[in-house]
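Going line by line, the protein sequences match chains A and B. Residue 78 in numbering that gives the first Met the number 0 is what sits at position 79 of the first sequence, and the numbering runs on without skipping anything. Residue 271 in numbering that gives the first Met the number 0 is what sits at position 272 of the second sequence, and the numbering runs on without skipping anything. C-beta: ideal position from N, C-alpha, C; glycine also. This one's a predicted model, so the numbers in the text were calculated from it and none came from an experiment. What follows is a set of notes on a single structure, which appears directly below.
Number of protein chains: 2
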Amino acid sequence: MHIMALTQPCPRGWLNELDQSSRGYTQAEFWKSLARTCERGLLDAVFIADIMGIYDSYKGSWQPAVQHGVQAPHDDATLVAATMAAVTDKLCFGVTWNTSLQSPYNTARTFTSLDHLTNGRIGWNIVTGYVKNVEDNGMGQLLSHDERYAQADEFMDVVYKLWEHSWEDDAVVRDRVRRMHADPSKVHEIHHKGKYYSVKGPHMCEPSRQRTPVLLQAGGSPRGLAFGGKHAEALFTINPTPEKAAESVRKARQAAVAAGRDPSDVKVLAGVCLIVGRTTAEADEKYRAAREAISLDAAFTLFGGWTGVDLSAYDPDDLIETIKSDGMQAVIKNFTYVDPGRAWRVRDFGEWLKGGTLAPDIVGSVKEVADELERWMRVAGVDGFMVQPYTTPGSHEDLVNLVIPELQARGLFRTEYEGDTFRERLTGADPRLPQRHPAKRLAIGSGRT
Amino acid sequence: MHIMALTQPCPRGWLNELDQSSRGYTQAEFWKSLARTCERGLLDAVFIADIMGIYDSYKGSWQPAVQHGVQAPHDDATLVAATMAAVTDKLCFGVTWNTSLQSPYNTARTFTSLDHLTNGRIGWNIVTGYVKNVEDNGMGQLLSHDERYAQADEFMDVVYKLWEHSWEDDAVVRDRVRRMHADPSKVHEIHHKGKYYSVKGPHMCEPSRQRTPVLLQAGGSPRGLAFGGKHAEALFTINPTPEKAAESVRKARQAAVAAGRDPSDVKVLAGVCLIVGRTTAEADEKYRAAREAISLDAAFTLFGGWTGVDLSAYDPDDLIETIKSDGMQAVIKNFTYVDPGRAWRVRDFGEWLKGGTLAPDIVGSVKEVADELERWMRVAGVDGFMVQPYTTPGSHEDLVNLVIPELQARGLFRTEYEGDTFRERLTGADPRLPQRHPAKRLAIGSGRT
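Rendered as structure tokens:
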């Protein structure tokens, strides 16, 4: 079972009295403490969400996001990863980075540097931009949803060429006698010329332990799923029930096969929120406090950011069928699946979103939560979980202090770290991408120097 | 006296047997060790050089840079800074970041994040891009030298507006009762519309301890000096003698005054290489070994990167007067100043450059080196030194273990850290920019929310 702990360099859950993220996210000690907790729990990785821009669909303004502390203000995820990595040895890091807003040449350097500094403990959560106001802030032009994925596909080609095909493994020789630090005949230009990018190379960096970081992705749309099936080594899905998650797992494995990969080349992790008590009553009390800290405005702000739909145009008691938006249909379908007979209203969305995520809550005693995770593994066939926090600290401490020991006692979770790199931990195989991954099948341009 | 230690995430001095940078620069432990050494020595800061692209003027190719390990391969400076910061409390960091290759909106977030995570220990070494091949790698179009500075000037306006004028100090209220994380009426759009940039804002990040990082700069051209006089809080100069450095100091102070600032608002640090022994003989032996590790090809590669001049078109014995290039004249003037009667040849450049820097060598016993630093302070009127390494580890350990105690014994260097932030350490005043700095005098657009 693979378990990653989600976090984000912004206030998150700040309305809950137990949460310290609103002050903590700007402080190194907050991140170092979280890193040590997750490493103590032998978690696979910390997954660091990131976003560029401030959500501004709800009420047509960025003000609700700022007022309610909805992923705003927000710091940089790569620097948080470097901070956490500096005080850990085994814990891995999934770092969010946006193909729509960055150049592939620079991106390749950033992730090679991270993989160097962590000795292979880095993954990349591949996202494409979707906050409108990045355009107003001079961060490039956003494309349509499908074209964004076409652009991202080409972006991947470029970084793969730089990571996998530019420097040979034995290029760096450090030969003082011949005065040769690296052999230029083993360093290759990539000569990429495509629709969106033109990059000559070579890569600025020598190969890191993993070369290509572990590739992570969350997109759930048909185009996003095809992208994930082709590129991703781990996919994150949000589903209300394990039965529904089983569909996501099946689709992900199909998408991998369609891209010429093995079905198991894509691990699927289910997003969940765990509310754990030493007793059921303690868990219920925690859950009650967590639910009290839900703000409808915060939820609608987030929802607007995701879908472009401004729910301020509706009454909280409106039935959701009255909301006409293509962007919302997938969410609505997923959302109502859990209770299709119910008359879902706008306010139900807000409560479901909890100001942060659509991931289902698993509430109970240690035993009950472990039972439920076991059921998810069995029914959904997922490879593990992406645990989303209600509060930091709090949620991940409960995971590590309460849930992990129970999973270990049941023989479901590791009792020591295996593998040094993120890819070894995830796949049990090599630190490098397998030969059947599309990155390996690319050819670089004719201009081998 | 202010002392900063220069380093760079690449092989540097690798031909010297004592140097470990070629393997070390990719490893967190190498950086953590250097950070601890510099903090133990109470240095003001580590200054992390950076470059995007691979030097390619010499022989018209990037191959010499790769072969000789001349700032290639090269990792990312911001991530190295975060790594070093995570294991120190007081040491500060000057991080190189290029206005030609980045967007101001993203830049503002990167440095606010670094300043958050270090609690105010961050400076920004402002550079403009100059390696031709970044264009071939899709990193934008390079402008002419003077236009680059015009662009950089506007870039500074944008980041100043984001850092200094977007979020008021008391914008973040974290009021659970009113469900208000931040008061949007105290968060302002900046509405910047200029020749190069259009950025609406607001800043994505809440203010950090220093708001604007300490502004560092090294440009020596007339346009560069005007830029530095306007923006920089510390300027780095490379001069062969303290008498020549006195000119740089005078010009820097004049440039500050011309920009409406106090002469002492710009600290001037002289670049030096220290080769220190317990005895003069030990120092001489170290120096001999260091000189042996000099490669003419490496020096010419570096020189080509700086000036665009391909010295492979010349014989090493050619007189430098025969080289016609505007870009080289300033360097030649500076270079020959130390011994104007000598017939300087092309190979002399290479030896002077030592594969890494034009900074003068100060070679001797602890006492002799300390005497010479005292003379530089007195004759040049500099505020301190930027110490450049021959080897890592080695040079900075000698600085901390041998030179610093001698300077302390003479009452010339601090015996404990004063001030928590970089700006307090440098100026003795506030963590924030003084009111007379141009950043403070900017007005944001009319659209206060």
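Asked: is_contact[residue 445/A, chain B] using C-beta, thresh 7 Å; Found: Only weak support exists for where residue 445/A lies, its pLDDT of 44 falling under 50; the coordinates are left without a value.
Asked: In DSSP terms, what residue 185/B is bridged to; Found: Partner(s): none; residue 185/B has no beta bridge.
Asked: is_contact[residue 62/B, chain A] using C-beta, thresh 7 Å; Found: yes
Asked: Cβ neighbours of residue 371/B in the same chain (closer than 6 Å, five flanking residues each side left out); Found: 361
Asked: Proximal residues of chain A, C-beta to C-beta of residue 13/B below 9 Å; Found: 173, 175, 180
Asked: Continuous alpha helix (DSSP H) assignments of at least 4 residues falling wholly in the segment 25-91 of chain B; Found: 27-39, 62-67, 76-85
Asked: Residue 462/A vs residue 387/A beta-carbon contact at 7 Å; Found: This structure cannot settle anything about residue 462/A, because the visible part of chain A is limited to 0 through 448.
Asked: Same chain only: Cβ atoms within 7 Å of residue 367/A, ignoring 5 sequence neighbours per side; Found: 279
Asked: Closer than 6 Å: residue 188/A CB and nearest the ligand NAP heavy atom; Found: Of the ligands one can find in the structure shown there are none, so the ligand NAP has no counterpart to examine.
Asked: Nearest residue (CA-CA) to residue 106/A, options 193/A, 158/A, 349/A, 142/A; Found: 158/A
Asked: Inter-residue CB distance, residue 431/A and residue 209/A (contact presumed, cutoff 8 Å); Found: 6 Å
Asked: Residue-chain proximity (residue 99/B, chain A), Cβ-Cβ < 7 Å; Found: no
Asked: Any 3 or more C-beta pairs closer than 8 Å across the segment 13-31 of chain B and the segment 106-117 of chain A; Found: yes
Asked: Validate contact between the segment 70-89 of chain B and the segment 74-92 of chain A using beta carbons, cut 8 Å, 3 pairs; Found: yes
Asked: CB of residue 274/A within 7 Å of CB of residue 285/A, strictly; Found: yes
Asked: Sequence-distant residues of the same chain with beta carbon closer than 8 Å to residue 189/B, five excluded per side; Found: 157, 160, 161, 164, 165, 198, 199, 200, 201, 202, 443, 444
Asked: is_contact[residue 9/B, chain A] using C-beta, thresh 7 Å; Found: no
Asked: Closer than 7 Å to chain B by CB, residue 136/A; Found: yes
Asked: Contacting residues, own chain, Cβ-Cβ under 7 Å from residue 15/B (five flanking each side not counted); Found: 288, 289, 292, 389, 390
Asked: Proximity test, Cβ basis, 7 Å: residue 164/A and chain B; Found: no
Asked: Contact with chain B by residue 150/A, beta-carbon distance below 7 Å; Found: no
Asked: Those runs of the alpha helix (DSSP H) which lie wholly inside the segment 359-444 of chain A and span at least 4 residues; Found: 365-379, 394-397, 403-408, 421-426, 437-440
Asked: Identity of the residue in 376/A, 341/A, 407/A, 414/A nearest residue 365/A by Cα; Found: 407/A
Asked: Under 7 Å from the C-beta of residue 68/A: neighbouring residues of chain B; Found: 180, 181
Asked: Counted within 10 angstroms of its Cβ, other Cβ atoms place residue 78/A as buried (16 or more) or exposed; Found: buried
Asked: Three-state class that DSSP yields for residue 162/A in the structure shown; Found: helix
Asked: At least 3 beta-carbon pairs within less than 8 Å: the segment 89-97 of chain B vs the segment 29-49 of chain B; Found: yes
Asked: Below-7 Å beta-carbon distance, residue 78/B vs any chain A residue; Found: yes
Asked: Contact list for residue 108/A against chain B, beta-carbon separation under 9 Å; Found: 51, 73, 74, 75
Asked: Candidates 12/A, 46/A, 297/A, 141/A, of which the one nearest residue 195/A by Cα; Found: 141/A
Asked: Interface residues of chain A facing residue 143/B [CB-CB closer than 8 Å]; Found: Correct list: empty, because the minimum Cβ distance to chain A is about 22 Å.
Asked: Pairwise C-alpha distance: residue 127/B and residue 135/A; Found: 24 Å
Asked: Amino acids of chain C, ordered along the chain, whose beta-carbon sits closer than 7 Å to that of residue 65/A; Found: Given the protein chain composition of this structure (A and B), no chain C is represented.
Asked: Contact set for residue 173/A: own chain, Cβ-Cβ below 7 Å, skip 5 residues either direction; Found: 180
Asked: Residue environment, residue 10/A, which counts as buried when at least 16 other CB atoms sit within 10 Å; Found: buried
Asked: Own chain residues within Cβ distance below 7 Å of residue 254/A, not counting five before or after; Found: 224, 225, 227, 228
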